[in-house]
Amino acid sequence: MTLLSTDTLPQVELDFMNEDHAEAGALINLLNAALDQLASGASQDRTAVTALLDQFYEHNRDHFAHEQAEMERTGFPAYPVHKGEHERVLEEFNAVIEEWREGMPAASLQNYLADSVVPWFINHINTMDSVTAMFIERQG
Ligand SMILES: [Fe+2]
Ligand SMILES: [Fe+2]
Numbered sequence: 001m002t003l004l005s006t007d008t009l010p011q012v013e014l015d016f017m018n019e020d021h022a023e024a025g026a027l028i029n030l031l032n033a034a035l036d037q038l039a040s041g042a043s044q045d046r047t048a049v050t051a052l053l054d055q056f057y058e059h060n061r062d063h064f065a066h067e068q069a070e071m072e073r074t075g076f077p078a079y080p081v082h083k084g085e086h087e088r089v090l091e092e093f094n095a096v097i098e099e100w101r102e103g104m105p106a107a108s109l110q111n112y113l114a115d116s117v118v119p120w121f122i123n124h125i126n127t128m129d130s131v132t133a134m135f136i137e138r139q140g
């Protein structure tokens with residue numbers, strides 16, 4: 001099942017950020033599809049989900065680091081706030097991945113994606129990322 005329609009993701013003023021957001025959205029959908037296989041009993045193999053979770057974590061770490069490097073380069077005033085939010089969510093992802101490794105049920109991870117990750121992601125793009133992209137775009 002498609003959790004997130006990547007062609008309706010909010011767009012910001014910088015292409016590199018839009019590309020990263022499309023990639024994050026695609027990974028969320030792949031994760032959800034792999035979880036559907038487990039939840040329906042079509043598969044018993046949790047390793048595909050584990051590999052996608054690792055990929056999702058690494059994608060976000062790099063995606064956030066790129067935004068942070070641009071904020072630093074241009075002297076974005078709210079840099080510490082935006083960076084702090086990235087750090088907070090990475091810690092949360094890390095804790096959930098740990099729970100998954102310890103046997104978290106597929107349905108619980110699906111609920112976390114649908115009820116926490118997707119709304120967080122859309123809200124983060126609409127607020128911090130959008131303001132940051134506008135600022136960076138104006139600094140050139
Ligand atoms: Fe972003
Ligand atoms: Fe961000």
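According to UniProt numbering, the sequence shown is numbered sequentially starting from 1.
Idealized CB from N, CA, C, for every residue including glycine.
| Query | Result |
| --- | --- |
| Nearest neighbour of residue 79, chosen from 4, 98, 133 and 16 [CA to CA] | 133 |
| For review: beta carbons within less than 5 Å of any heavy atom in ligand 2 | 67 and 129 |
| Residue 59: CB within 7 Å of a non-hydrogen atom of ligand 1 | no |
| Meets three-Cβ-pair contact criterion under 8 Å: the region 97 to 111 and the region 44 to 53 | yes |
| Extent of the continuous alpha helix (DSSP H) run through residue 78 | Run containing residue 78: none; DSSP gives neither H nor E here. |
| Residue 34 burial status per 10 Å Cβ neighbour count (16 or more: buried) | buried |
| When 127, 129, 116 and 128 are compared against residue 4, the one with the closest alpha-carbon | 116 |
| Short Cβ contact (8 Å threshold) for residue 59 with residue 27 | yes |
| N-terminal and C-terminal residue of the alpha helix (DSSP H) that residue 139 is part of | 130 to 139 |
| beta-carbon residue 17 near ligand 1 non-hydrogen atom, thresh 7 Å | yes |
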